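Quick note, the sequences are listed as chains L and A, same order.
Numbered according to the working numbering, the first sequence spans residues 522 to 911.
Numbered according to the working numbering, the second sequence spans residues 522 to 911.
We put the CB at the ideal spot given by N, CA and C, even for glycine.
Since the model is a prediction, treat every value here as computed from it, not as a measurement.
Protein chains: 2
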Amino acid sequence: MHGCQRMSDLSRADSVGLVIPEVYRHEAPFALQCGVTLESFELVYETYGELNDQASNAVLVCHALSGHHHAAGFHEVSESRPGWWDNCIGPGKPIDTRQFYVVSLNNLGGCHGSTGPCSINPRTGSAFGPDFPLVTVSDWVRSQTLLADDLGIRQFAAIIGGSLGGMQAMQWAIDFPDRLHAAVLIACASKLSAQNIAFNEIARQAILTDAEFHDGKYREQGTNPDIGLMLARMLGHVTYLSDDGMRQKFGRQLKSGDLSLGQDVEFQVESYLNHQGRSFSKQFDANTYLLMTRALDYFDPARVYQDDLVLALSNALCKFFVISFTTDWRFSVERSKEIVDALVKARKDVASTVIESDHGHDSFLLPIPRYFEVLSAYMGQLHHEIGDAR
Amino acid sequence: MHGCQRMSDLSRADSVGLVIPEVYRHEAPFALQCGVTLESFELVYETYGELNDQASNAVLVCHALSGHHHAAGFHEVSESRPGWWDNCIGPGKPIDTRQFYVVSLNNLGGCHGSTGPCSINPRTGSAFGPDFPLVTVSDWVRSQTLLADDLGIRQFAAIIGGSLGGMQAMQWAIDFPDRLHAAVLIACASKLSAQNIAFNEIARQAILTDAEFHDGKYREQGTNPDIGLMLARMLGHVTYLSDDGMRQKFGRQLKSGDLSLGQDVEFQVESYLNHQGRSFSKQFDANTYLLMTRALDYFDPARVYQDDLVLALSNALCKFFVISFTTDWRFSVERSKEIVDALVKARKDVASTVIESDHGHDSFLLPIPRYFEVLSAYMGQLHHEIGDAR
Numbered sequence: 522m523h524g525c526q527r528m529s530d531l532s533r534a535d536s537v538g539l540v541i542p543e544v545y546r547h548e549a550p551f552a553l554q555c556g557v558t559l560e561s562f563e564l565v566y567e568t569y570g571e572l573n574d575q576a577s578n579a580v581l582v583c584h585a586l587s588g589h590h591h592a593a594g595f596h597e598v599s600e601s602r603p604g605w606w607d608n609c610i611g612p613g614k615p616i617d618t619r620q621f622y623v624v625s626l627n628n629l630g631g632c633h634g635s636t637g638p639c640s641i642n643p644r645t646g647s648a649f650g651p652d653f654p655l656v657t658v659s660d661w662v663r664s665q666t667l668l669a670d671d672l673g674i675r676q677f678a679a680i681i682g683g684s685l686g687g688m689q690a691m692q693w694a695i696d697f698p699d700r701l702h703a704a705v706l707i708a709c710a711s712k713l714s715a716q717n718i719a720f721n722e723i724a725r726q727a728i729l730t731d732a733e734f735h736d737g738k739y740r741e742q743g744t745n746p747d748i749g750l751m752l753a754r755m756l757g758h759v760t761y762l763s764d765d766g767m768r769q770k771f772g773r774q775l776k777s778g779d780l781s782l783g784q785d786v787e788f789q790v791e792s793y794l795n796h797q798g799r800s801f802s803k804q805f806d807a808n809t810y811l812l813m814t815r816a817l818d819y820f821d822p823a824r825v826y827q828d829d830l831v832l833a834l835s836n837a838l839c840k841f842f843v844i845s846f847t848t849d850w851r852f853s854v855e856r857s858k859e860i861v862d863a864l865v866k867a868r869k870d871v872a873s874t875v876i877e878s879d880h881g882h883d884s885f886l887l888p889i890p891r892y893f894e895v896l897s898a899y900m901g902q903l904h905h906e907i908g909d910a911r
Numbered sequence: 522m523h524g525c526q527r528m529s530d531l532s533r534a535d536s537v538g539l540v541i542p543e544v545y546r547h548e549a550p551f552a553l554q555c556g557v558t559l560e561s562f563e564l565v566y567e568t569y570g571e572l573n574d575q576a577s578n579a580v581l582v583c584h585a586l587s588g589h590h591h592a593a594g595f596h597e598v599s600e601s602r603p604g605w606w607d608n609c610i611g612p613g614k615p616i617d618t619r620q621f622y623v624v625s626l627n628n629l630g631g632c633h634g635s636t637g638p639c640s641i642n643p644r645t646g647s648a649f650g651p652d653f654p655l656v657t658v659s660d661w662v663r664s665q666t667l668l669a670d671d672l673g674i675r676q677f678a679a680i681i682g683g684s685l686g687g688m689q690a691m692q693w694a695i696d697f698p699d700r701l702h703a704a705v706l707i708a709c710a711s712k713l714s715a716q717n718i719a720f721n722e723i724a725r726q727a728i729l730t731d732a733e734f735h736d737g738k739y740r741e742q743g744t745n746p747d748i749g750l751m752l753a754r755m756l757g758h759v760t761y762l763s764d765d766g767m768r769q770k771f772g773r774q775l776k777s778g779d780l781s782l783g784q785d786v787e788f789q790v791e792s793y794l795n796h797q798g799r800s801f802s803k804q805f806d807a808n809t810y811l812l813m814t815r816a817l818d819y820f821d822p823a824r825v826y827q828d829d830l831v832l833a834l835s836n837a838l839c840k841f842f843v844i845s846f847t848t849d850w851r852f853s854v855e856r857s858k859e860i861v862d863a864l865v866k867a868r869k870d871v872a873s874t875v876i877e878s879d880h881g882h883d884s885f886l887l888p889i890p891r892y893f894e895v896l897s898a899y900m901g902q903l904h905h906e907i908g909d910a911r
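This is the structure in structure tokens:
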């Protein structure tokens, strides 16, 4: 029965259907911001829709902390769930694949096929593991320009991302102003707060202190820091939800009918988080998790502009759409307002909206009606602006 | 020089000076809410000030999650810091020991001298460890009544606590209405939210999954779950501070002068949290930490009153003072308002105030001028009400 369900999902008119990941190979040295040079690298990516003749209708989707290239559609008929942003990408959806050619990649340092800690280091013949160099948001953006070159995309109609994905879109606007028509920054911030960094540090410590971490060489030991990853994910997950949203979803509901007053898991929220944490630890590489959280912590594009965000954004040529959610306390409405204020001061074309939602930071992944309506309208306007001469 | 500093602290006019902990021994069975009966128990406690002839000027101070009996003064001249609430308890301080006889104990299940997981189980001859039964806030309150009986205190002038300590004061008002004149509930809630429980669960999982936990029998193995306790404390600590407070204290300050783009600790907030976590793991027992967080999770006095807090509080006879802090997001102002609203609906004598503070939940431990002024005024009024005929 589940198979039938998936078949019908696959064949729905608003699904991009079956997709096949592709690989971009960069066979030349690539110098990272940290000083290390990769001799070559690969990026795994997917595309949905068709590039028009002027190559003007491309949209780059940048993923967040634990995301990857598989944003929409299905890899095979038996796949249990579609890509992570399937509700937003497809025919008739906010990022409409009848209008746009969507590119979604796994970032450098990832663990879903792009060159990262799990890849073979050509210099040693064994996996990079903990020796994979630190990658920054700027590095990601530069690597994405190479992918764009390879795909024949000189200028994206839009670069879109939520959370860490929005930070990449912001960095594009600063570093490569003529290569995007619009940046859509969703549930992000211009830099992390001390509290954000603190949560990331606790997650990292959980991984680093796991007895199975072995200084990052867990694969050589035939093991995995499952517990550290589980704790990191549980913590992350709590910060992605809101207090209100958790109250609605779980309240103080008990796992069984009544209080047992024992040491076992008692409340449903505990059971849920445990499950989330355990399944994540089977799917995600610990060294990549460390790398991704470091990239988040270090993101601070104003730093090289005298800590002046207005100055940092002053070279941008694209238009901006900044979206935030009322109960997001990880990257709150206030943090988006800082970006909007800086863009206004820098005299940029900026639209912004605050979406009412009970779902905290996770809201950016959810099909909240008003969110999707305004995003659809904005994307429709972009499509009008770039002109469609497919 | 530090010695001289401490000497002068000790001899300051507003210090209670040197204090000697005492032990109350209950040599009869004590049935816990979970169904287990302790054959006997001990509570370690301290007192400051003098009990008047009518025994009407006693104040009970209840401690929070990681607190203990040593609330004020010094145990010895060489002690580096005074008790945990020394800024609030002493001659001329908000809880003025010239007016009140202050009792502060380590709760049952604690790890600072009262009967708990580190104590010898008389039935087995070895430490309880993980077999120490679950203790609830109601159990604590009942054990505290026995200590009060032993001290000749029929009715406390006030029972005061912050956080989990405030929950004990609330439970006293419900379970033993004629044994307190006033309850002072600071930075607390009538029950934990799903988010609160989730943070506690992550802390517990960090301890339970530590390779050195050994199902709670770490002492028999000659080891300690230092890492789990460290992570639990780091996480707790972040939730005790506010985003604003952390921004002011740490911002994005780097540990060294510039970004090293490495995997080491880079931001000062990381360094601070690591230190806090590591020192805590040397001082606190893991089984006690599990027990205390469970007591927090289970606290829900309205549960046996048809989930109606108004009904639960309707039998209370004491007056109430409810204090909360603007940036406390662990037990927010809203949670205190719920208590105040229920007290008003139950037609109780209630005063309340919201204190502006950048320091989050930790505010209740800090000498914030307006906080201490109103607490002093309230305590002065109580002193007037009980009459002083020492």
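Please classify residue i: is it buried, with 16 or more other beta-carbons within 10 angstroms of its beta-carbon, or exposed?
| i | result |
| --- | --- |
| His702/L | buried |
| Arg891/A | exposed |
| Gly588/A | buried |
| Ser471/L | The requested residue 471/L is not part of the displayed model; chain L covers only 522 to 911. |
| Ser635/L | buried |
| Lys803/A | exposed |
| Gln716/L | buried |
| Arg754/L | buried |
| Arg619/A | exposed |
| Thr730/L | buried |
| Glu722/L | buried |
| His913/A | Residue 913/A lies beyond the residue range present for chain A, which begins at 522 and ends at 911; the question has no answer from this structure. |
| Asp806/A | buried |
| Gly637/L | buried |
| Ile541/L | exposed |
| Thr814/L | buried |
Just the C-alpha distance for residue i and residue j, rounded to the nearest angstrom, thanks.
| i | j | result |
| --- | --- | --- |
| Ala910/A | Leu903/A | Model confidence at Ala910/A stands at a pLDDT of 44, short of 50, so the residue's coordinates are unreliable; what they give is reported in the following sentence. Approximately 14 Å between the Cα atoms of the pair. |
| Ile616/A | Ala719/L | 35 Å |
| Cys609/A | Asp879/A | 19 Å |
| Gly538/A | Val582/A | 18 Å |
| Arg602/A | Ser532/A | 14 Å |
| Phe893/L | Val662/A | 52 Å |
| Glu855/A | Leu706/A | 14 Å |
| Gln575/L | Ile728/A | 58 Å |
| Phe842/A | Ala690/A | 11 Å |
| Arg773/L | Asp829/A | 14 Å |
| Gln769/A | Gly682/L | 29 Å |
| Thr666/A | Val656/L | 60 Å |
| Gly613/L | Ala678/L | 17 Å |
Can you pull the chain L neighbours of residue i, defined as C-beta to C-beta under 8 Å?
| i | result |
| --- | --- |
| Met767/A | Ser714, Ala715, Gln716, Ala719 |
| Leu794/A | Ala719, Glu722, Ile723 |
Interface residues of chain A around residue i at Cβ under 8 Å?
| i | result |
| --- | --- |
| Phe788/L | Ala715, Ile718, Glu722, Asp818 |
| Gly772/L | Ala715 |
| Ala732/L | Ala732 |
| Asp821/L | Arg773 |
| Val759/L | Gln716, Ala719, Phe720, Ile723 |
What residues from chain L crowd round residue i, counting only those whose CB sits closer than 9 Å?
| i | result |
| --- | --- |
| Gln726/A | Ile748, Met751, Leu752, Met755, Glu791, Leu794, Asn795, Gly798 |
Just the chain L side, please: which residues come within less than 7 Å of residue i by C-beta, in chain order?
| i | result |
| --- | --- |
| Asp764/A | Ser714, Gln716 |
Contiguous alpha helix (DSSP H) assignments of at least 4 residues, all confined to the stretch 661-741 of chain L: 685-696, 715-729
Touch test, the stretch 794-805 of chain L against the stretch 753-761 of chain L, Cβ-Cβ under 8 Å, three pairs minimum: yes
Cβ contact (3+ pairs, closer than 8 Å) linking the stretch 871-887 of chain A and the stretch 836-853 of chain A: yes
Three or more C-beta pairs below 8 Å linking the stretch 645-653 of chain L and the stretch 688-702 of chain L: no
Sufficient close CB pairs (3 or more, under 8 Å) joining the stretch 851-871 of chain A to the stretch 738-751 of chain A: no
Any alpha helix (DSSP H) of 4 or more consecutive residues that is wholly inside the stretch 754-811 of chain A: 764-770, 789-804
Sufficient close CB pairs (3 or more, under 8 Å) joining the stretch 624-635 of chain L to the stretch 559-571 of chain L: yes
Runs of alpha helix (DSSP H) wholly within the stretch 809-838 of chain A (minimum 4 residues, chain order): 830-834
Cβ pair count under 8 Å reaching 3, the stretch 541-548 of chain L against the stretch 660-680 of chain L: yes
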